[in-house]
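In terms of the working numbering, the sequence shown is residues 53 to 608. We put the beta carbon where it would ideally sit given N, CA and C, even for glycine.
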Amino acid sequence: MASNAGWRIFLPIVMRLFLAFLLCLGGLLKAQSVSDSATPVRNISAPAGFKVELLYSVPKPQQGSWVAMCNDDKGRIIVSDQFGGLYRFTPPAPGKQLQQSEIEKVPAKIRAANGLLWAKGALYVAVNDYERKFPSGLYRVTDSDGDDKLDKVVLLREMFARGDHGVHAILPGPGNSLYLITGNNTEPLKTQTSRVPLHWGEDHLLPRMPDGRGHNRTRLAPAGIIYKVSMDGKQWEVVSSGYRNIYDGGVNADGELFTYDADMEYDFNTSWYRPTRINHVTSGSMWGWRNGTGKRPEFYPDTLPATVNIGPGSPTGTVFGYGAKFPAKYQNAFFILDWSWGKIHAVHLKSQGSSYTGDSETFITGSPLPVTDVIIRPEDGAMYFTIGGRKVQSGVYRVTYSGEESTTPAVKRTQSQDRNLRHKLERFHGRQHKDAVNESWTHLDHGGRFIRWAAMTAVMHQPVAQWQERALSEKNHNKRVVALLALCKVVGADPKNVTPEEPAPKIDSALKASIFKSLGQVDWSKLTHSSKLTLVRAYQIALIRLGETNASVKNR
C-alpha cells in the first residue's frame with residue numbers, strides 16, 4: 053500500500069513536469085517560427101469599421117527595433133532604432149507592403165533617438181542612449197547641401213539620463229518653441245526660468261520606506277520634468293515636474309498639453325500605488341512622484357489630481373486624432389500606447405471647470421503588441437504605429453477606417469471662463485509682477501483645484517516680503533491656510549533636498565513662531581473640506597521645513 057501511494061503521488065508530479073516541458077517547448081518553437089516577422093494582423097483587434105495593415109516587419113539584424121516616429125514635410129515617415137540610427141520611408145499604397153529596398157538609411161551620424169519632431173525644416177531629435185555610445189540630449193538635424201539627405205547634426209544641449217527613464221519625446225510648443233519630455237532618471241537642468249516654484253522637496257513628516265527591490269532609492273525631487281525650449285535650443289524653461297516616467301504627450305485643440313505617466317509596477321496592491329494616468333499639464337504643475345512609499349496622494353494640496361486613471365501598464369507614444377479620417381469621436385480622442393499590455397487606448401476628454409475629465413476605451417490590442425509610437429499622417433488621414441523596443445521584433449502598421457460613419461473633419465474646441473481665469477493667473481508664473489499678489493490672492497480659496505493651484509503658484513513667484521504679513525493675518529481662513537502652506541515652502545527647505553550648491557535658508561525664529569501661531573488661530577469649523585486638508589498639510593510642511601515648535605504651541 054505504501055508503495056502504491058508513493059506512485060500515486062509521484063506520477064502526477066512527473067506528468068505535470070512533462071506538461072510544463074511541452075508547453076515551454078511549444079512556446080520556444082512558436083517564438084522561433086515568428087522571430088523574423090512582426091505580429092500578424094490576425095492577432096490584432098480593432099473596433100468595427102477599422103482596418104489594421106502590417107506594412108513592414110523590421111529585419112532586426114540590419115535595422116534594429118524601432119521606437120520613435122514622425123512625419124516630415126514631404127509625406128515621408130522618419131523612424132528611429134532604439135540602439136541604432138534613423139530611417140525614412142514613404143508609406144505604400146493601400147493594400148501594399150513596404151519592401152526593405154524602400155527603407156532609406158538616414159546618413160546623419162546620430163543614434164538612440166527616443167523622440168523625433170519635424171519642425172521649421174529641421175528634424176529635432178531627443179537622444180537617450182542606454183549604451184552611452186553617444187551623448188544623450190536634444191539635437192537638430194538638417195540637410196547641409198540641399199540634396200534631400202539629412203546629414204548635419206548639431207547638439208543643442210547635452211543631458212545626463214539613465215536607463216529608459218530618460219530623455220523622451222519632443223512636441224511642438226506655443227510660438228517658436230518645443231516641449232521636451234523627460235523621465236525621472238534625467239538629471240534636472242539649470243534653466244533661465246521655471247514656472248514651477250524652485251522650492252521642491254521630499255516633504256515627508258514620517259519616514260518613508262524606499263523600494264524594497266532598490267529601485268530609485270536615492271532619486272529625489274523634482275523627478276520627471278517637461279521643458280519648454282526655444283527652437284535654437286538656447287532658452288529653457290521648466291513647465292511642469294513631479295512625474296515618474298512620462299514618454300510622450302500631445303496638445304489638444306484648446307491648446308492644452310496632456311501627458312501619460314507611468315505607474316510603479318512593484319507598488320501594485322499597496323496603498324501608495326498610482327496607476328498609469330493622463331495628466332493635464334498646466335503651468336507650474338507638480339505631480340507628486342517621490343521614490344518608495346513617498347508618492348503624494350491626490351488629496352494633498354501640494355500636488356494635482358489625474359484627469360483619467362488608466363491602470364497598470366507601460367506608457368509609450370501618444371497622439372491626438374486630429375487629421376485622421378476617422379469618425380468624429382476618434383478624431384478628438386487622445387490615443388495612448390501601453391507597451392507591456394499591447395494596447396492602444398482612446399481617451400475621450402471633456403472640459404470641466406478650468407481642466408478636464410474623461411474616460412478611456414481599448415482601441416487596438418494584440419498579442420504580442422509592444423507598441424512604441426503612433427502618428428497621424430496628414431496626407432492620407434491614416435494612423436501609423438510601430439511595435440518594438442528593448443530589441444524585440446519590430447513592425448510598422450497602418451490603421452484606416454472604411455465604416456459607415458462620417459469622417460468629415462470634426463475637431464471640437466471648447467470655451468471655458470474658468471480656463472480663461474486660470475490662464476490669466478498663469479501669466480504670473482515664473483516672473484514677478486506688481487499686480488500678481490492682489491490678482492491671485494482673490495482666488496486662493498477658489499472651488500476649482502487647478503485655479504487654486506494657479507493662484508498659489510503665482511503668489512509663490514513673488515517676493516515674499518510683499519505677501520508674508522498678509523498670509524499671517526488673512527481673515528478668510530480658507531485663504532489663510534493656502535497662503536501659509538505657500539509661505540512655509542518659500543521660507544523653508546526640506547533638509548533631505550539640501551545640497552552644498554543649494555544650502556538651506558536660515559530660519560527666522562520670529563517668523564517661525566508667527567507661522568505656527570497663525571496656523572493655531574485657524575477656525576476649523578469655518579474651513580471647507582479641502583481647506584481642512586490644506587491646514588493639516590501646512591502643519592506638516594511647517595514641521596518639516598521650519599523645525600519643531602515650542603511646547604506652548606504643541607499643547608494648543
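Does the distance from the CB of residue i to the CB of residue j come in under 8 Å?
{"i": "Leu-13", "j": "Asp-354", "result": "Look at the range of the chain in this structure, 53 to 608, and you will see that residue 13 is not part of it."}
{"i": "Ala-314", "j": "Asn-331", "result": "no"}
{"i": "Tyr-299", "j": "Ala-221", "result": "yes"}
{"i": "Phe-141", "j": "Glu-154", "result": "yes"}
{"i": "Arg-450", "j": "Leu-107", "result": "yes"}
{"i": "Thr-370", "j": "Gly-302", "result": "yes"}
{"i": "Gly-189", "j": "Arg-163", "result": "no"}
{"i": "Ala-398", "j": "Trp-341", "result": "no"}
{"i": "Leu-232", "j": "Val-290", "result": "no"}
{"i": "Asp-295", "j": "Trp-288", "result": "Rather than Asp, the amino acid found at residue 295 in this sequence is Tyr. Against a cut-off of 8 Å, the Cβ pair of Trp-288 and Tyr-295 comes out as no contact."}
{"i": "Val-543", "j": "Val-516", "result": "yes"}
{"i": "Gln-114", "j": "Tyr-139", "result": "no"}
{"i": "Val-360", "j": "Leu-389", "result": "no"}
{"i": "Ser-335", "j": "Leu-356", "result": "no"}
What residues in its chain sit with their C-beta under 7 Å from that of residue i, if we drop five residues either side in the sequence?
{"i": "Ala-545", "result": "Gly-253, Ala-556, Pro-557 and Arg-597"}
{"i": "Val-444", "result": "Ser-117 and Pro-422"}
{"i": "Asn-343", "result": "Pro-262, Asp-263, Asn-268, Arg-269 and Arg-271"}
{"i": "Ile-439", "result": "Ala-90, Thr-91, Leu-421, Pro-422, Val-423, Thr-424, Ser-446 and Gly-447"}
{"i": "Phe-73", "result": "Only weak support exists for where Phe-73 lies, its pLDDT of 44 falling under 50; the value from the coordinates is given anyway. Same-chain partners within the cutoff: there are none."}
{"i": "Ala-462", "result": "Ala-380 and Gln-383"}
{"i": "Thr-345", "result": "Arg-260, Met-261 and Trp-324"}
{"i": "Lys-476", "result": "none"}
{"i": "Asn-530", "result": "Asp-497, Leu-579, Thr-580 and Ser-583"}
{"i": "Leu-585", "result": "Phe-351 and Pro-353"}
Quick one: using the 10 Å Cβ neighbour count with 16 as the cut-off for buried, is residue i buried or exposed?
{"i": "Gly-447", "result": "buried"}
{"i": "Tyr-591", "result": "buried"}
{"i": "Leu-81", "result": "Confidence at Leu-81 is low in this model, with a pLDDT of 40, below 50, so the placement of that residue should be treated as unreliable; the coordinate-derived value is given next. Exposed, because fewer than 16 other Cβ atoms sit within 10 Å of the Cβ of Leu-81."}
{"i": "Phe-502", "result": "buried"}
{"i": "Arg-483", "result": "exposed"}
{"i": "Phe-415", "result": "buried"}
{"i": "Gly-572", "result": "exposed"}
{"i": "Leu-77", "result": "Because the pLDDT of Leu-77 is 41, which lies under 50, any placement of that residue in the model is unreliable, and the question is left without a value."}
{"i": "Lys-541", "result": "buried"}
{"i": "Arg-465", "result": "exposed"}
{"i": "Asn-297", "result": "buried"}
{"i": "Phe-378", "result": "buried"}
{"i": "Glu-526", "result": "buried"}
{"i": "Val-206", "result": "exposed"}
{"i": "Ala-535", "result": "buried"}
Counting only the same chain and skipping the five closest in sequence on each side, list residues whose C-beta sits under 6 Å from that of residue i.
{"i": "Lys-548", "result": "Glu-254"}
{"i": "Gly-599", "result": "none"}
{"i": "Lys-564", "result": "Leu-598"}
{"i": "Ser-403", "result": "Thr-466 and Ser-468"}
{"i": "His-495", "result": "Ile-503 and Ala-507"}
{"i": "Leu-524", "result": "Ser-566 and Ser-570"}
At which residues does the alpha helix (DSSP H) containing residue i begin and terminate?
{"i": "Thr-359", "result": "Thr-359 -> no alpha helix (DSSP H), and no H or E assigned at all."}
{"i": "Pro-113", "result": "112 to 115"}
{"i": "Phe-568", "result": "561 to 572"}
{"i": "Arg-522", "result": "520 to 525"}
{"i": "Tyr-591", "result": "581 to 598"}
{"i": "Val-542", "result": "529 to 543"}
{"i": "Ser-492", "result": "488 to 493"}
Can you find the residues in the same chain that come closer than 8 Å, C-beta to C-beta, to residue i, ignoring five residues on each side of it along the sequence?
{"i": "Tyr-318", "result": "Asp-263, Gly-264, Arg-265 and His-267"}
{"i": "Ile-61", "result": "Caution is warranted here: a pLDDT of 44 is assigned to Ile-61, below 50, making its placement in the model unreliable, and no coordinate value can be reported."}
{"i": "Leu-595", "result": "Leu-257 and Thr-601"}
{"i": "Asp-195", "result": "Lys-201, Leu-202, Asp-203 and Lys-204"}
Can you give me the start and stop residues for the beta strand (DSSP E) that residue i sits inside?
{"i": "Ile-439", "result": "434 to 439"}
{"i": "Tyr-318", "result": "Neither: Tyr-318 is in no beta strand (DSSP E) and is coded neither H nor E."}
{"i": "Thr-234", "result": "229 to 234"}
{"i": "Thr-311", "result": "309 to 313"}
{"i": "Met-508", "result": "Run containing Met-508: none in the beta strand (DSSP E); it sits in the alpha helix (DSSP H), 501 to 512."}
{"i": "Ala-164", "result": "First-last for Ala-164: undefined, no H or E at that position."}
{"i": "Asn-123", "result": "118 to 123"}
{"i": "Ser-282", "result": "276 to 282"}
{"i": "Ser-132", "result": "129 to 133"}
{"i": "Ser-292", "result": "288 to 295"}
{"i": "Lys-103", "result": "102 to 109"}
{"i": "Val-423", "result": "423 to 429"}
{"i": "Val-303", "result": "301 to 303"}
{"i": "Arg-140", "result": "138 to 141"}
Should residue i be flagged as near chain C, meaning a C-beta pair shorter than 8 Å?
{"i": "Leu-150", "result": "Checking the listed chains, one finds no chain C in this structure; it contains a single protein chain."}
* At what residue ranges does the region 324 to 409 contain a whole run of the beta strand (DSSP E), taking only runs of 3 or more? -> 328 to 333, 360 to 363, 367 to 372, 386 to 390 and 395 to 404
* **Residue ranges of each beta strand (DSSP E) within the region 444 to 482, 3 or longer** => 447 to 453
* **Sequence ranges, beta strand (DSSP E) only - wholly within the region 180 to 240, length at least 3** => 189 to 194, 204 to 210, 219 to 224 and 229 to 234
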